[in-house]
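Reading through the structure tokens given below for one structure.
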Amino acid sequence: VRLQAFGGGLVQAGGSLRLSCAASGSTLSINVIGWYRQAPGKQRELVASISSGGITKYADSVKGRFTISRDNMKNMVFLQMNSLKPEDTAVYYCAARLIGYSDYRYWGQGTLVTVSS
């Protein structure tokens, strides 16, 4: 499984960005796709996830502002980020959890999101 994340950039506080994650390879083995982020000096955190059946989960810090979705036909997962705050600044990664596994084993390269105040 290979993942490629893109769509990051610089945006002002209150603005929006949409991140995309393209999956290739053995995509039928993917159960869950998650978006993680890591800010400078902070631990990596799971922001949102979506299962193959469409079940979504969000970190409390982004609930109501971020929406995760997936297009199974195109093997794409999206993270729509609205009402962005400076504290959302981080490198965002998409990761895949395969069927039968409890951890995220495959990672994209990360895309930088910078929110200016």
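If you want the numbering used here, it's the 1-based position in the sequence shown plus 2. Quick reminder that beta carbons are idealized off the backbone N, C-alpha and C, glycines included.
What is the DSSP secondary structure of Leu30, reduced to helix, strand or coil?
On the sequence shown, position 28 is the one that residue 30 refers to. The answer is helix: DSSP assigns Leu30 an H, G or I state.
When the distance is taken between beta carbons, is Tyr94 closer than 8 angstroms to Val64?
Counting from one through the sequence shown, the residue named residue 64 turns up at place 62. Counting from one through the sequence shown, the residue named residue 94 turns up at place 92. Their beta carbons are not under 8 angstroms apart, which means Val64 does not touch Tyr94 by this criterion.
Which of the three DSSP states, helix, strand or coil, is assigned to Asp73?
As a first step, residue 73 must be located in the sequence shown, where it is residue number 71. The answer is strand: DSSP assigns Asp73 an E or B state.
Paired residues, beta bridge with Val64 - DSSP:
Looking up residue 64 in the sequence shown gives position 62. DSSP lists no partner for Val64.
Looking only at its own chain, which residues have a Cβ that is under 7 angstroms from the Cβ of Met92, when we skip the five neighbours before and after it?
Position 90 of the sequence shown, counted from the first residue, corresponds to residue 92. Looking at the sequence shown, residue 92 is not Met but Ala. Within the same chain, Cβ atoms closer than 7 angstroms to the Cβ of Ala92 are found at Arg39, Gln40, Ala41 and Val115, the five residues on either side in sequence being excluded.
Cutting at 7 angstroms between CB atoms, please list the residues of its own chain near Ser26, excluding the five before and the five after it.
Reading the sequence shown from its first residue, position 24 is the one you call residue 26. The beta carbon of Ser26 sits closer than 7 angstroms to the beta carbons of Arg4 and Asn77 from its chain, once the five residues preceding and following it are set aside; these are given in chain order.
I'd like to check one pair, Ala7 with Gln82: are the Cβ atoms closer than 8 angstroms?
The residue labelled residue 82 in the question sits at position 80 within the sequence shown. The residue labelled residue 7 in the question sits at position 5 within the sequence shown. For Gln82 and Ala7, no; Cβs fall outside 8 angstroms.
Can you tell me whether Ala51 is buried or exposed, with buried defined as 16 or more other CB within 10 angstroms of its CB?
In the sequence shown, counting from the first residue as 1, residue 51 sits at position 49. According to the sequence displayed, residue 51 carries Ser and not Ala. By the 16-neighbour rule on beta-carbons within 10 angstroms, Ser51 is buried.
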